[in-house]
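S.K.:
In the working numbering, the protein residues as written are 11 to 512.
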């Protein structure tokens, strides 16, 4: 039943929203979460994620604080490495071309470890990302790319842990409740107009936290802001992220911010449905391309597949696929690297071609110039540097010579049968443009002053990611900024209550 009022209203029910709700509850306030989706589809993009979270850590000691279940045997045969704050800052700067808001970036990096430990205290269990972030070479695993841990059970497991914790702490959650408009009284946000069970109700709140995602599921907004052709992209996650939170805030006088023409977009199975499939989750993604090559309809390569670890390229290579003729590509591998392909390549719903010869494989690549594709593969094979050993755990420098584009790392000739290829298109995860917030999670108005009563976290916050993002940083940013926004909202609600009693 939808109440008439609450102290802190959180709009959304993904990772950022739950972090905000828990922080507000820690602040002693009553908290109500509204989720637009029905319960069976709830959780925003978090539910479709693998649950990986990027955080700074200073070696195994920090990891054991988060994951004490790592066994002695696992410790002995694994190099977990370090990911110091300086390296996290460097990665954020490099992939965003140094446009990331420095204050928000500092919050993300400096509070990343403390926040995941805080989440563990709420019942979220973390485990090492075996298989996806560490390959066994000479009997030893080595983690790479600054990404070591994920929530147990992936995104769905993360949500279940948050939900159990919320129930224990008396945080209310109502599904099928869509906020339509923010209430603004004398320049202060004081609640929302909510549609629930066919009725529109007024819900008053001392403070509101928006944590309901970007606009990636809105094809009209995608085309308007990302550009022509983006209406053709598949939506990797939830169908409910249509920009409601951003729209409501802008209508209330909030300032926009960030890379409105940018987004997180990945290589996604060509025949995946329009929106994410909860039965498949994130397994329509295809992220092992660094170990093969990608061909477009003309049978040509169009990116440096080995430019960097996939953690630092996958979020922008979806855009490159969308730019190709027909908005698709084929990822090509041979038996030499088949064991390195992620589990997502083995799902039943995959679009795949297999053959015993390259000529037969190229003939099976639907909508591709087979003759040109064979010529491209032969030219690639001839250009591979064979004097440098292959090592999937490091940027090994095993590249090509004389190609455009070159491949910088992990170049192996595609010459060992059987051969296989996977058809991909562009899958959009979340958009980078959104609302301007300060370091307390308060939404700023067009004069860059705090809009009283309004706070924001998660994917609808602009200014943090530009052009690209480091894998796993999205969930971490949602949790860090959600925790901050929730605590600030609780303090604002407490001050309003004291003013009302004075």
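Even glycine gets a Cβ: it sits at the ideal position worked out from N, Cα and C.
Could you give the DSSP three-state label for residue 381: helix, strand or coil?
M.R.: Walking along the chain shown from the start, residue 381 turns up at place 371. Residue state, collapsed to three classes: helix.
S.K.: Classify residue 17 as helix, strand or coil using the three-state DSSP reduction.
M.R.: Sequence index remark: in the chain shown, residue 17 carries index 7 (1-based). It is a strand residue.
S.K.: Are the region 111-129 and the region 14-24 touching by the rule of at least three beta carbon pairs closer than 8 Å?
M.R.: Too few Cβ pairs lie closer than 8 Å, so no.
S.K.: Are the CB atoms of residue 419 and residue 325 nearer to each other than 8 Å?
M.R.: Taking the chain shown and counting its residues from 1, the one referred to as residue 419 is at position 409. Taking the chain shown and counting its residues from 1, the one referred to as residue 325 is at position 315. Cβ distance not < 8 Å, so residue 419 and residue 325 don't count as in contact.
S.K.: Under three-state DSSP, which class holds residue 89?
M.R.: Position 79 of the chain shown, counted from the first residue, corresponds to residue 89. Note: residue 89 maps to strand in three-state DSSP.
S.K.: Identify, in the order they occur along the chain, each residue of the same chain with its Cβ nearer than 7 Å to the Cβ of residue 109, setting aside the five sequence neighbours on each side.
M.R.: Translated into the one-based positions of the chain shown, residue 109 becomes position 99. Same-chain partners within the cutoff: 476.
S.K.: May I ask you to report which of helix, strand or coil DSSP gives residue 410?
M.R.: Locating residue 410 in the chain shown gives position 400, where the first residue counts as 1. Reduced to three states, the DSSP call for residue 410 is strand.
S.K.: How about the region 209-217 and the region 425-444: do they share at least three Cβ pairs that are nearer than 8 Å?
M.R.: No: the two stretches stay apart, fewer than three of their Cβ pairs being nearer than 8 Å.
S.K.: Evaluate residue 81 with the Cβ neighbour count: other Cβ atoms within 10 Å of its Cβ, from every protein chain shown; 16 or more gives buried, anything less gives exposed.
M.R.: Taking the first residue of the chain shown as position 1, residue 81 is located at position 71. By the 10 Å Cβ count, residue 81 comes out exposed.
S.K.: At which residues does the beta strand (DSSP E) containing residue 277 begin and terminate?
M.R.: Walking along the chain shown from the start, residue 277 turns up at place 267. Unbroken beta strand (DSSP E) run through residue 277: 273-279.
S.K.: Thinking just about the alpha-carbon of each residue, which of 13, 28, 186, 246 is nearest to the one in residue 434?
M.R.: As a working note, residue 434 is residue 424 in the chain shown. It is 246 whose Cα lies nearest to the Cα of residue 434.
S.K.: Just the Cα atoms here: how many angstroms apart are residue 36 and residue 225?
M.R.: Counting from one through the chain shown, the residue named residue 36 turns up at place 26. Counting from one through the chain shown, the residue named residue 225 turns up at place 215. Each residue's Cα considered, the two are about 30 Å apart.
S.K.: Consult DSSP for residue 28 and reduce its assignment to one of helix, strand or coil.
M.R.: Here the question's residue 28 lines up with position 18 in the chain shown. It is helical.
S.K.: Considering residue 195, what are the terminal residues of the beta strand (DSSP E) in which it resides?
M.R.: Residue numbering aside, residue 195 sits at position 185 when the chain shown is read from its first letter. Run containing residue 195: 187-195, per the beta strand (DSSP E) assignment.
S.K.: Need the endpoints of the alpha helix (DSSP H) that residue 117 sits in, please.
M.R.: Taking the first residue of the chain shown as position 1, residue 117 is located at position 107. Segment 112-120, the alpha helix (DSSP H) holding residue 117.
S.K.: What did DSSP end up calling residue 41 once you bin it into helix, strand or coil?
M.R.: Here residue 41 is taken as the residue at index 31 of the chain shown, counted from 1. Here residue 41 sits in strand by DSSP.
S.K.: Nearest-angstrom Cα distance between residue 14 and residue 362?
M.R.: In the chain shown, residue 14 corresponds to position 4, counting from 1. In the chain shown, residue 362 corresponds to position 352, counting from 1. For residue 14 and residue 362, the distance between alpha carbons rounds to 53 Å.
S.K.: Can you look up residue 479 in the DSSP assignment and give me helix, strand or coil?
M.R.: Within the chain shown, residue 479 is the residue found at index 469, counting from 1. The answer is coil: DSSP assigns residue 479 none of H, G, I, E or B.
S.K.: As a quick exercise: from 498, 250, 481, pick the residue whose alpha carbon is nearest that of residue 466.
M.R.: The sequence position of residue 466 within the chain shown is 456, counting from 1. That would be 498, whose Cα lies nearest to the Cα of residue 466.
S.K.: The beta strand (DSSP E) that contains residue 438, what's its start and end?
M.R.: As a first step, residue 438 must be located in the chain shown, where it is residue number 428. It spans 429-441 - the beta strand (DSSP E) in which residue 438 sits, taken as one unbroken run.
S.K.: How about residue 187 and residue 199: do their beta carbons lie closer than 8 Å?
M.R.: In the chain shown, counting from the first residue as 1, residue 187 sits at position 177. In the chain shown, counting from the first residue as 1, residue 199 sits at position 189. No. Outside cutoff.
S.K.: Whole angstroms is fine: what's the gap from residue 146's alpha carbon to residue 395's?
M.R.: As a first step, residue 146 must be located in the chain shown, where it is residue number 136. As a first step, residue 395 must be located in the chain shown, where it is residue number 385. Cα-Cα distance, rounded: 23 Å.
S.K.: Between which two residues does the alpha helix (DSSP H) carrying residue 98 extend?
M.R.: Working through the chain shown from its first residue, we reach residue 98 at position 88. From DSSP, the alpha helix (DSSP H) with residue 98 extends over 95-105.
S.K.: In this structure, how does DSSP classify residue 12 when only helix, strand and coil are distinguished?
M.R.: Along the chain shown, one-based indexing puts residue 12 at 2. Three-state result, residue 12: coil.
S.K.: Roughly how many angstroms lie between the CA atoms of residue 64 and residue 194, to the nearest whole one?
M.R.: Here residue 64 refers to the residue found at position 54 when the chain shown is read from its first residue. Here residue 194 refers to the residue found at position 184 when the chain shown is read from its first residue. Rounded to whole angstroms, residue 64 to residue 194 spans 37 Å at the Cα level.
S.K.: Of all the alpha helix (DSSP H) runs that stay within the bounds of the region 294-359, which reach a length of 4 or more residues?
M.R.: Qualifying alpha helix (DSSP H) stretches, in chain order: 324-332.
S.K.: In the DSSP assignment, find the unbroken beta strand (DSSP E) run with residue 454 in it and report its ends.
M.R.: Your numbering for residue 454 matches position 444 in the chain shown. Looking at the DSSP string, the run of the beta strand (DSSP E) that includes residue 454 is 452-454.
S.K.: To the nearest angstrom, how far is it from the Cα of residue 277 to the Cα of residue 298?
M.R.: In the chain shown, the residue the question calls residue 277 occupies position 267. In the chain shown, the residue the question calls residue 298 occupies position 288. Answer to the nearest angstrom: the Cα atoms are 10 Å apart.
S.K.: How big is the Cα-Cα spacing for residue 491 and residue 222?
M.R.: Counted from its first residue, the chain shown places residue 491 at position 481. Counted from its first residue, the chain shown places residue 222 at position 212. In a straight line, the C-alpha of residue 491 is about 13 Å away from that of residue 222.
S.K.: For the beta strand (DSSP E) containing residue 144, list its first residue and its last residue.
M.R.: Residue mapping note: residue 144 aligns to position 134 of the chain shown, counting from 1. That run of the beta strand (DSSP E) goes 144-147.
S.K.: Tell me which residues share the same chain as residue 506 and place their Cβ nearer than 6 Å to its Cβ, disregarding the 5 neighbours each side in the sequence.
M.R.: Residue numbering aside, residue 506 sits at position 496 when the chain shown is read from its first letter. So the qualifying residues of the chain are 216.
S.K.: Less than 8 Å between C-beta atoms, sequence neighbours within five positions excluded: which residues of the same chain meet that for residue 119?
M.R.: Against the chain shown, residue 119 aligns to sequence position 109. Closer than 8 Å at Cβ, skipping near neighbours: 66, 95, 98, 99, 102.
S.K.: Who are residue 388's beta bridge partners in DSSP?
M.R.: For the purposes of this step, residue 388 is taken as the residue at position 378 of the chain shown. Note: residue 388 sits in no beta bridge, so no partner.
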